[in-house]
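J.: Could you have a look at this structure, given as structure tokens, before my questions?
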Amino acid sequence: MGLRANIDTARRRWRWVVGLSLAGVLVAAALVSTSAPTYRASASVFFSLDFGGSASDLVQGSTYAQNQVTSFAALATTPAVLQSVVDELDPGSTATALATRVSAQAPTDTVLVEVTATDGSAAGAARIANAVAESLGRQVEALAPTGADGEPNIEATTVTPAEAPASAATPRVVLTLVAGLLVGLLLGIGCAFARETLDNRVRDVAALARVTPLPVLGLIGRRRAGDGRPVVVEAAPLDPQAEFYRQLRTNLGFLEVSAEREPGDRRLSVIAVTSSVPGEGKSTVTANLAAALAEGGARVLLVDADLRRPTQAAMLGLEGAAGLTTVLRGGAELADVVQDWGSSGLQVLASGACPPNPGELLSSPAMGRFLTQQRAAWDFVVIDTPPLLPVADAAILSRLVDGTLVVANARLVRRHQLAEALTGLAQVGAHQLGIVLNMVDREDSAYDYRTDRLPGQARRRPWRRRPRAVPPTAAARHAPPTRVLARDEVPAPRGAPSRSAR
Amino acid sequence: MTAPPRPWAVLVVCTGNICRSPAAEALLTAAWRDTPGVAASSAGLHARVGEPMAAPMAELLDVPLPGSRARQLTPSMVRQSDLVLTMTRDQRARVVTAEPSAVRRTFTLREFVELAELAVVDLDPALDGADVQRRTALVRAAPRFRGRRTADPEDDIADPYGRDRKAYETAMSEVDEAIGRLVRAFGG
């Protein structure tokens, strides 16, 4: 964990930090507002030896008083002094109880004793302090050795009578609030890091790299404001969101180049899109990818092969009652039930009625024949499939297609789930194209783009954090079809595919 | 222009074929009175076969009642239609289930009106308003514009049958408004 990772953590979990800091302040404020105020008042007593004489006597007397005054201070909290105060002010209480509210100290090198009393009322505090000071004086005079004339030779004078304080001694509002804030802040930071450590989601590219060595083909940022039309490539072509999908399209083009090792090698035509668990945004990614491919000029067929919970028809506003299952059972030809969608000629085959045996239907020879036919007929066939972990459909299909894309939702899927899903795919011998990381924090992705790990690409060049700014949408919109680009001009290895501007 | 061998046919579908769809049929027929080569008909998914139009609905209609009585929808009716309009999305799914090849020309009435209004902007201006080719082009172009709108419950017109007069009035005004816009989109 470097400094940047720590800062990232703090930024991602800022709600914890802010929340607990606020809670700390609130608790402190509650303490302040519920605790009863207390007041503190002090009185000072001056002790002097009272036997007139020579100057040396005075000096000796003063030294004697200084030596004794510490004991006088200690005397102030004894029942000998306090009992009379209790009797006078609060007969119901005891001297011991009062002692907890009274303190006395003798400042060094003086013959003063400062008596401090604490009470719930300002006037009360002053009254107690004065009473104790007076009682102390009396007791000291009574206890002191007497002179030749029978008079006590120590005289106590209350030099500074206590006055009712203007403000309460406790609670100390500012100090308490600051302390609450600090404690909350520390707790918040602690919790943020604890959560981060316990969080086993595929947060970012770095977390993904720990799960799988597969390349990241797309980073789909979170959409700030949706308007209910999830296929942004069609609904809002200028949205940065749409640019993410064009990036995915471009990266698929690169993959195709690297996949073509021998002449006549398999081309990347039939692509299944799946995810580990439901709700990762797989269908949205599928539809947008298909729309982006169609936008690039390719002839694209989008097939909804999620025969358990088909969503493409509803998402695209199409009629889903006729589709793949209709064709597979021979109810209609593809040409009869394929539906035109969007401005770029995308053709959609909805799911059709949901069959009772989706797995068997997808593994049937009819499905194999269907895909073989479509592979020949289209530039791209993009297939939406059910998630990998709950059902085997996607694993079955993955063997019939040229490659499988796995969508991983950075905010949902756990690392072990993704790992399990990918292991399942590997076991059936699927050609795994790579991962599309969905719902990534945009702030992170801005920096993580440079670590895109496409096969055959040059290693990252950190100083090229910002690739040259190509006007993103214009360039992408007028770019030749991906297929043409991929075949005719093999792109030079680039540090990072051009990232979309804000 | 010579008249086409078969009229360009619109089939309106609802449940019983006694309230919403015959009203739409009547309104379309009246609007296309002077347009040659077009025909509107209606049928029901669970038609109350042989019944005339429901009285509360007929009272609200200010054009001549349709000549035919309620009839049950068959796949061949769908096959012979150039445009199938249902009242709800559920009916749309049932029509398509019965005749999958009709999926590209089956819409709910309100959905199609919105799509047609979007599609008509891009239509080749050389096509004549009353021309069959223009109507066909419009029906073919309409589905592409599904990406520009959001399918929602507003696409449906609720069944007034067995409900109070207000429900009939609502259904009638919704059908009337949609048919008016549809006829305008088709160019009269």
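For the record, the sequence lines run as chains X and P.
Residues 1 to 502 in this note's numbering are what the first sequence spells out, letter by letter.
Residues 1001 to 1188 in this note's numbering are what the second sequence spells out, letter by letter.
Note that the Cβ used here is the ideal one computed from N, Cα and C, for glycine as well.
#1: Within this structure, are the beta carbons of Leu-214(X) and Ile-435(X) separated by less than 8 Å?
#2: For Ser-1173(P), count the other beta carbons within 10 Å of its own beta carbon; 16 or more makes it buried, fewer makes it exposed. Which is it?
#3: Scan the stretch 299-364 of chain X and note each continuous alpha helix (DSSP H) run of 4 residues or more that stays entirely inside, going in chain order.
#4: Three or more C-beta pairs closer than 8 Å, one from the stretch 26-43 of chain X and one from the stretch 200-211 of chain X: is that the case here?
#5: What are the start and end residues of each continuous alpha helix (DSSP H) run of 4 or more residues lying completely inside the stretch 41-76 of chain X, in chain order?
#6: Using the three-state DSSP reduction, which class does Ile-7(X) fall into: helix, strand or coil?
#7: Would you mind giving the Cβ-Cβ distance between Arg-1134(P) and Glu-319(X), rounded to the nearest angstrom? I have them listed as a contact below 8 Å.
#8: By alpha-carbon positions, which one of Pro-1007(P), Glu-1177(P), Arg-1069(P) ends up nearest to Thr-1035(P)?
#9: Tell me which residues share the same chain as Ser-363(X) and place their Cβ nearer than 6 Å to its Cβ, disregarding the 5 neighbours each side in the sequence.
#10: Put Gln-1080(P) into one of helix, strand or coil per three-state DSSP.
#11: Check distances from the C-beta atoms of the stretch 340-365 of chain X to those of chain P and list, in chain order, the residues that come in under 7 Å.
#12: Considering only their Cβ atoms, is the gap separating Leu-252(X) from Ala-287(X) smaller than 8 Å?
#13: Along chain X, in chain order, which residues have C-beta atoms closer than 8 Å to that of Ala-1093(P)?
#14: List the endpoints of the continuous alpha helix (DSSP H) containing Leu-193(X).
#15: Taking 6 Å as the limit between beta carbons, can you name the residues of its chain near Gly-180(X), skipping five residues before and five after?
#16: Give a yes or no on contact between the stretch 1049-1057 of chain P and the stretch 1078-1092 of chain P, applying the rule of three or more CB pairs nearer than 8 Å.
#17: In chain P, which residues lie less than 7 Å from Val-231(X) when you measure between Cβ atoms?
#18: Residues of chain P with CB under 7 Å from Val-337(X), in chain order?
#19: Examine chain X for any beta-carbon lying closer than 8 Å to the beta-carbon of Pro-1007(P), and answer yes or no.
#20: Since Ser-135(X) is in the alpha helix (DSSP H), which residue starts that stretch and which ends it?
#21: Kindly identify the DSSP beta-bridge partner or partners of Ser-1041(P).
#22: At the level of alpha carbons, what is the spacing between Pro-145(X) and Asn-153(X)?
#23: Just list the residues that DSSP pairs Asp-402(X) with in beta bridges.
#24: Determine the chain P residues that contact Leu-289(X) at a beta-carbon separation under 7 Å, and present them in chain order.
#25: For Tyr-39(X), write down the residues that DSSP places opposite it in a beta bridge.
#26: Counting contacts by CB-CB distance shorter than 8 Å, is Val-1078(P) in contact with chain X?
#27: Step through the CB atoms of chain X and report whether any lies within less than 8 Å of the CB of Pro-1064(P).
#28: Give the straight-line distance between the Cα atoms of Ser-504(X) and Leu-1065(P), rounded to the nearest whole angstrom.
#29: Within 8 Å (strictly less), CB to CB, does Glu-234(X) reach chain P?
#30: Considering Cα atoms alone, identify which of Gly-1016(P), Ala-1023(P), Gly-1044(P) is closest to Glu-1177(P).
#31: Rounding to the nearest angstrom, what Cα-Cα distance links Val-1103(P) and Gly-359(X) in this structure?
#32: If I measure Cβ to Cβ from Ala-1137(P) and keep anything under 8 Å in the same chain, skipping five residues before and after, which residues do I get?
T.: The structure says:
#1: Within the first sequence, numbered from 1, the residue matching residue 214(X) stands at position 214. Within the first sequence, numbered from 1, the residue matching residue 435(X) stands at position 435. Going by C-beta atoms, Leu-214(X) is nearer than 8 Å to Ile-435(X).
#2: Here residue 1173(P) corresponds to residue number 173 of the second sequence, with the count starting at 1. Its Cβ having fewer than 16 others within 10 Å, Ser-1173(P) is exposed.
#3: 312-316, 324-328, 334-337, 358-362
#4: no
#5: 55-75
#6: As a first step, residue 7(X) must be located in the first sequence, where it is residue number 7. Ile-7(X) falls in the helix class under three-state DSSP.
#7: Start at 1 with the first residue of the second sequence, and residue 1134(P) comes out as number 134. Start at 1 with the first residue of the first sequence, and residue 319(X) comes out as number 319. That belief does not hold up - the Cβ atoms of Arg-1134(P) and Glu-319(X) are roughly 24 Å apart, past 8 Å.
#8: For the purposes of this step, residue 1035(P) is identified with residue 35 of the second sequence, where counting begins at 1. It is Pro-1007(P).
#9: What you label residue 363(X) is simply residue 363 of the first sequence in a count that begins at 1. Contacts found: Ile-396.
#10: Counted from its first residue, the second sequence places residue 1080(P) at position 80. Coil.
#11: Asp-340, Trp-341, Gly-342, Ser-343, Ala-353
#12: As a first step, residue 287(X) must be located in the first sequence, where it is residue number 287. As a first step, residue 252(X) must be located in the first sequence, where it is residue number 252. No; because the gap between Cβ atoms is not below 8 Å, this pair is not in contact.
#13: For this step, residue 1093(P) is matched to residue 93 along the second sequence. Chain X residues near Ala-1093(P): Glu-319, Gly-320, Ala-321.
#14: Here the question's residue 193(X) lines up with position 193 in the first sequence. The residue asked about is misnamed: residue 193(X) is Phe in this sequence, not Leu. Where Phe-193(X) is concerned, the enclosing alpha helix (DSSP H) stretches over 173-198.
#15: Looking up residue 180(X) in the first sequence gives position 180. Taken in chain order, the residues that qualify are Gly-24, Val-25, Val-27, Ala-28.
#16: no
#17: Position 231 of the first sequence holds residue 231(X). Chain P residues near Val-231(X): Gly-1147.
#18: On the first sequence, position 337 is the one that residue 337(X) refers to. Per Cβ cutoff of 7 Å: Pro-1100, Ser-1101, Val-1103.
#19: Taking the first residue of the second sequence as position 1, residue 1007(P) is located at position 7. So, not an interface residue.
#20: Here residue 135(X) is taken as the residue at index 135 of the first sequence, counted from 1. From DSSP, the alpha helix (DSSP H) with Ser-135(X) extends over 122-143.
#21: Indexing the second sequence from 1 puts residue 1041(P) at position 41. In the DSSP output, where bridge partners are listed per residue, Ser-1041(P) has Leu-1011(P).
#22: Along the first sequence, read from residue 1 onward, the residue named residue 145(X) stands at position 145. Along the first sequence, read from residue 1 onward, the residue named residue 153(X) stands at position 153. Spanning the two alpha carbons is a distance of roughly 7 Å.
#23: Residue numbering aside, residue 402(X) sits at position 402 when the first sequence is read from its first letter. Answer by DSSP bridge pairing: none, since Asp-402(X) is not bridged.
#24: By one-based count along the first sequence, residue 289(X) stands at place 289. By Cβ distance, chain P contributes nothing, its closest Cβ being about 15 Å from Leu-289(X), past 7 Å.
#25: Walking along the first sequence from the start, residue 39(X) turns up at place 39. Asp-119(X).
#26: Counting from one through the second sequence, the residue named residue 1078(P) turns up at place 78. For Val-1078(P), the answer is no, since every Cβ of chain X falls outside 8 Å of its Cβ.
#27: Numbered from 1 along the second sequence, position 64 holds the residue referred to as residue 1064(P). Not an interface residue.
#28: Because chain X in this structure spans residues 1 to 502, residue 504(X) falls outside the shown range and cannot be described.
#29: Residue numbering aside, residue 234(X) sits at position 234 when the first sequence is read from its first letter. So, interface residue.
#30: Numbered from 1 along the second sequence, position 177 holds the residue referred to as residue 1177(P). When each option's Cα is compared against that of Glu-1177(P), the closest is Ala-1023(P).
#31: Reading the second sequence from its first residue, position 103 is the one you call residue 1103(P). Reading the first sequence from its first residue, position 359 is the one you call residue 359(X). Between Val-1103(P) and Gly-359(X), the C-alpha separation is close to 25 Å.
#32: For the purposes of this step, residue 1137(P) is taken as the residue at position 137 of the second sequence. Leu-1123, Asp-1124, Leu-1127.
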